[in-house]
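> First the structure, which I've put down as structure tokens, then a few questions once you've had a look.
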DNA sequence: ACAACGCCCTGAGGGC
DNA sequence: TGCCCTCAGGGCGTTG
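Right under this line is the structure:
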């Protein structure tokens, strides 16, 4: 569920509440939560204790914190249901608490400090996790090598629009598959893909090879718009699973035009929105505004 | 090399 | 009431 806007909200929370703090203890409660850290839980903790977190960064749905003076970064992914929460150390444990990180600072929030709070990774479905990786040399932000293959996201100032269009045309696939391919464009998931396609009046099964340059420019514009609008209201929450570091939900679900609106009228033309099974999930679209691609007739055999 | 599929996982909700 | 089935779906390893 967390896509780029939701992850960015969490990144900002980490920047405010976790960056600059020095770690005293790391408790891994569920091994699956650090499965991408191949050296295991003890190694993960050993490498962090006594170290200090740098600024929080994000690419697509991944976020990371450089660990100062180590050439490594802690990488995080929320998966379907992951949460990074900053909680008072004495707060009751969440049912799906997976990792707990405590810090040295003792100055309380009332005294203008951050002391007395800890970082918790909570994850019901365990698709997410934390791990520690070597930084890619020459990358200024400490990009973890494990995500060097992840494309820049459309809100990144360095995102290459020309390269995106060229890659889209080169692919032999359909447009929604391409939007969800994080090596082509990152940060877009099922919700915002459906929203951007609805705004672009594009059917999810349109072959990428038929998307013209003006259409891909328009699509990219709608992707940026919908991501920015969601970010401005704190992201989308369908249930209580997605929250910021303070446990609060966003409000963008009230603004969705397609996703989750099966049988409700299209906000452009009134036609009931349809839901179709698609790659073990769902695609929501307006059957009138988003016409399916016309299949070219096969050449008639003699 | 590229495209597509299967699997990982748990809780909510529906049907009977 | 309780059980079983389906659904939610991001990313990666495997298969085609």
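Residue numbers (this note's numbering): 472 to 773. Even for Gly, the Cβ is constructed at its ideal location relative to N, Cα and C. Quick caveat: nothing in here was measured; it's all calculated off a predicted structure.
1) Tell me whether the region 565-577 and the region 610-627 touch, counting them as touching only if at least three CB pairs, one residue from each stretch, are closer than 8 Å.
2) Going straight from the alpha carbon of residue 654 to that of residue 622, what length do you get?
3) Could you please give me the residues that DSSP links to residue 756 through a beta bridge?
4) Output the distance between the C-alpha atoms of residue 698 and residue 663, rounded to the nearest integer angstrom.
5) Grab the span of the alpha helix (DSSP H) containing residue 471 for me, first residue to last.
6) In angstroms, rounded to a whole number, what distance separates the CA positions of residue 552 and residue 752?
7) Taking 8 Å as the cut-off, does the region 633-646 touch the region 678-686 (at least 3 CB pairs, one atom from each stretch)?
8) Following the continuous alpha helix (DSSP H) through residue 694, name the residue where it begins and the one where it ends.
9) Between which two residues does the beta strand (DSSP E) harbouring residue 671 extend?
10) Can you say whether residue 754 is buried or exposed, counting buried as having 16 or more other CB atoms within 10 angstroms of its CB?
11) So, for residue 542: in the same chain, excluding its five sequence neighbours on each side, which residues have a beta-carbon less than 7 Å away from its beta-carbon?
12) Quick one: residues in its chain with C-beta nearer than 6 Å to the C-beta of residue 595, no 5 flanking neighbours on either side, listed in chain order?
13) Decide if residue 598 is buried, meaning its Cβ has at least 16 other Cβ atoms within 10 Å, or exposed.
14) How long is the line joining the alpha carbons of residue 516 and residue 506, rounded to whole angstroms?
15) Do the region 492-508 and the region 642-650 make contact, defined as three or more Cβ pairs closer than 8 Å?
Answer, in terms of the structure:
1) no
2) 5 Å
3) 745
4) 7 Å
5) In the structure as shown, the chain starts at 472 and stops at 773, and residue 471 therefore has no counterpart that could be examined.
6) 16 Å
7) yes
8) 684-703
9) No beta strand (DSSP E) holds residue 671; the alpha helix (DSSP H) holding it covers 661-671.
10) buried
11) 605 and 606
12) 552 and 567
13) exposed
14) 14 Å
15) no
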